[in-house]
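Structure, as structure tokens:
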Amino acid sequence: MKKVVSVVGGRVCSKEVEKIAQELGRKLAKVADILVSGGLSGVMEAVCSGFKAEGGLTIGILPSYNKADANKFVDIAIPTGLGLARNVLVVKSADVVVALPGRAGTLSEVAYCIQFGIPVITLGSWDISGVIKLNTVDEVVAKVNELLKGAVDGNK
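So this is what it looks like as structure tokens:
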């Protein structure tokens, strides 16, 4: 079974968060087969850029009906027409979710993870009960790798 990670975060982000997201994407491509995101700009575009640069497959689950809304680093665009309700699909597609800084949409994705029992790691994002809070990209990638191995082993 393919190892799937979702990365969630703001449609608008600082240059610092953008750099972190790109680094995260590059390093996640070493431990995951597929990256799922909301497919738009900001964190989503930066993480897709890094993941794709390392040969990973990226999927964007879009809020609109228009595939052209996907950022240029999305390999497979899934137009849903669901608006923010598509956040459920973004997290349910993954074995593990990583949350970077974002606003209410990101918080909803974190909350869905907690509700559905999907491991969610935060890096500079929402620090609430039920999340795994880590401080560096390398810590996040190591934890994602550990959780993905458990998820894949558990599916056998």
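Numbered continuously in the working numbering, the sequence shown closes out at residue 1541.
No residue lacks a Cβ here, since even glycine has one placed at the ideal position from N, Cα and C.
As the structure is a computational prediction, the values presented were derived from the model and not from experiment.
query: Can you check whether the CB of Leu1467 is closer than 9 Å to the CB of Pro1448?
result: Between Pro1448 and Leu1467, the CB-CB gap stays under 9 Å.
query: Can the beta-carbon of Leu1485 be found less than 9 Å from the beta-carbon of Gly1509?
result: In contact: Leu1485 and Gly1509 (Cβ atoms closer than 9 Å).
- request: Tell me Ala1484's beta-bridge partners as DSSP assigns them.
  value: Listed as beta-bridge partners of Ala1484 by DSSP are Val1393, Thr1507.
message: Can you check which of these residues, Ala1479, Gly1424, Gly1395, Gly1490, is closest to Ile1461 by C-alpha distance?
response: Comparing Cα positions, the closest option is Gly1424.
task: Run the CB neighbour count on Arg1445, radius 10 Å, all protein chains shown included, and call it buried at 16 or more, exposed below.
output: Strictly speaking, residue 1445 in this sequence is Gly, with Arg absent from that position. Buried.
- request: Grab me the residues of Leu1413's own chain with a C-beta within less than 7 Å of its C-beta, minus the 5 sequence neighbours each way, in chain order.
  value: Counting only Cβ-Cβ distances below 7 Å, and skipping sequence neighbours, we find Val1390, Leu1420, Phe1436, Val1526, Val1529.
query: Alpha carbon to alpha carbon, how far is Tyr1497 from Ile1463?
result: Straight through space, the alpha carbons of Ile1463 and Tyr1497 are spaced by roughly 20 Å.
field: Length-filtered (3 minimum) beta strand (DSSP E) runs lying within the stretch 1401-1452
entry: Scanning the stretch 1401-1452 from its first residue to its last, the whole beta strand (DSSP E) runs of 3-plus residues come out as 1419-1422, 1442-1447.
message: Is the beta carbon of Thr1443 closer than 9 Å to that of Ser1422?
response: Cβ atoms of Ser1422 and Thr1443: closer than 9 Å.
Residue nearest to Val1397 in terms of C-alpha spacing, selected from Asn1456, Gly1487, Asp1480: Among Asn1456, Gly1487, Asp1480, the Cα nearest to that of Val1397 is on Gly1487.
query: So which of Val1416, Glu1403, Ala1431, Lys1404 has the shortest CA-CA distance to Leu1533?
result: In this structure, Val1416 is the residue among Val1416, Glu1403, Ala1431, Lys1404 with its C-alpha nearest to the C-alpha of Leu1533.
query: For Ala1470, does the count of other Cβ atoms within 10 angstroms reach 16, so buried, or fall short, so exposed?
result: When all chains shown are included, Ala1470 counts as exposed.
- prompt: Hey, how far is the Cα of Ile1513 from the Cα of Lys1477?
  reply: Cα to Cα, the separation comes out at about 20 Å.
- prompt: How should Ala1431 be labelled, buried or exposed, when 16 other C-beta atoms within 10 angstroms of its C-beta is the threshold for buried?
  reply: When all chains shown are included, Ala1431 counts as buried.
field: Status (buried if at least 16 other CB within 10 Å, exposed otherwise) for Phe1458
entry: That one is buried.
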